[in-house]
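Below is one structure; the comments refer to it alone.
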Amino acid sequence: MSNARSHRMDRDVPLLVPEVNPGHLRLLEDQDVPDGAGIITNPNCSTIGVAMVLGPLHRAFGVERVHVVTLQALSGAGMPGVPAMAIQDNVLPFIEGEEEKLESEPRKILGRLGRAGGGIDEAQLSISAQCTRVPVSDGHMAMVSIQLGERVEVEAVRAVLSDFRGLPQELGLPSAPRRPIHVLDEPTAPQPRLHRDREQGMAVSVGRVRPCPLTDVRMAILSHNTVRGAAGGALLCAELAIAEERIPGITPPVPTDDR
């Protein structure tokens with residue numbers, strides 16, 4: 265289970281958001297590795313929150329174009345991080361490599377399995393990303409505008425997101441949030457300090473869902489970058505792989521309501 269970017273876009277490596285594309289675990293069968301070995305990757309920390317929202321919308325209506333501006337927390341820069349004098353009272357409008365990841369990874373995540381050995385047929389959507397670093401400790405925000413494949417009311421978009429559940433919820437995996445997406449009604453939500461820790465940091469919060477004059481719908485997305493976007497997301501990938509009997513010799517976890 266890897267959080268590193270090294271193999272994310274490899275033809276035979278799953279780039280996994282467990283609620284969105286669990287079927288991509290089948291790519292493990294195509295990997296040229298010893299029996300019982302394999303690589304499963306976690307997407308970029310900003311990609312995960314965006315893909316969690318795009319997944320159910322793409323399934324329900326189709327997604328054609330996405331414009332996203334991120335406001336990414338300091339913890340996403342790792343150690344030694346961003347110098348204090350560079351970020352204090354400031355916003356950094358460039359994060360090396362982030363825009364490229366955010367423009368490419370969702371297309372693989374939302375894509376379909378090709379023929380045996382053929383990898384993923386990427387989803388045909390265009391993504392324009394602008395990534396910034398802001399003086400927040402944890403929690404990545406994404407301000408997103410989405411062109412859907414059909415005209416729908418905003419309430420239909422809200423309903424699809426609110427009702428969304430994936431295979432981790434069906435299986436009762438230990439790290440899975442009960443509700444992957446929380447749609448918030450307050451006009452000032454979501455906010456990192458108030459909402460990043462929902463469901464132990466594993467849920468995505470969405471707010472300000474409203475019509476967009478340039479596309480169809482716009483919204484604000486918040487995810488905990490060091491939990492859902494990193495260690496917690498990788499742990500959930502591992503739990504799904506075990507539950508789907510993709511890791512030989514390890515017994516699937518027992519579903520529980522005590523998460």
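In my numbering, each number is its position in the sequence shown, counted from 1, plus 264.
From the three backbone atoms N, C-alpha and C, an ideal C-beta is built for every residue, glycine too.
query                                                                                                                                                      : result
Check whether the stretch 479–488 touches the stretch 400–413, taking contact to mean three or more Cβ pairs, one atom from each stretch, closer than 8 Å. : yes
How big is the Cα-Cα spacing for VAL473 and MET349?                                                                                                        : 35 Å
How long is the line joining the alpha carbons of SER426 and ALA440, rounded to whole angstroms?                                                           : 16 Å
Could you give the uninterrupted runs of the alpha helix (DSSP H) lying entirely in the stretch 275–356, keeping only those of 4 residues or more?         : 309–324 and 348–351
Could you check the C-alpha separation between ASN354 and ARG462 for me, to the nearest Å?                                                                 : 27 Å
In three-state terms, what does DSSP make of ARG442?                                                                                                       : coil
Which runs of the alpha helix (DSSP H) fall wholly inside the stretch 415–487 and span at least 4 residues, in chain order?                                : 418–427, 431–435 and 456–459
Which residues bound the beta strand (DSSP E) around LEU389?                                                                                               : Taken as a continuous stretch (DSSP letters only), LEU389 belongs to no beta strand (DSSP E), as it is neither H nor E.
Could you tell me if PRO512 is buried or exposed, where buried requires 16 or more neighbouring beta carbons within 10 angstroms of its beta carbon?       : exposed
Hey, could you find the ends of the alpha helix (DSSP H) ILE359 is sitting in?                                                                             : Segment: none, ILE359 is in no alpha helix (DSSP H) and carries neither H nor E.
Which of helix, strand or coil does DSSP assign to VAL400?                                                                                                 : coil
For VAL314 and PRO370, which I take to be in contact (beta-carbon distance under 8 Å), what is that distance rounded to the nearest angstrom?              : 6 Å
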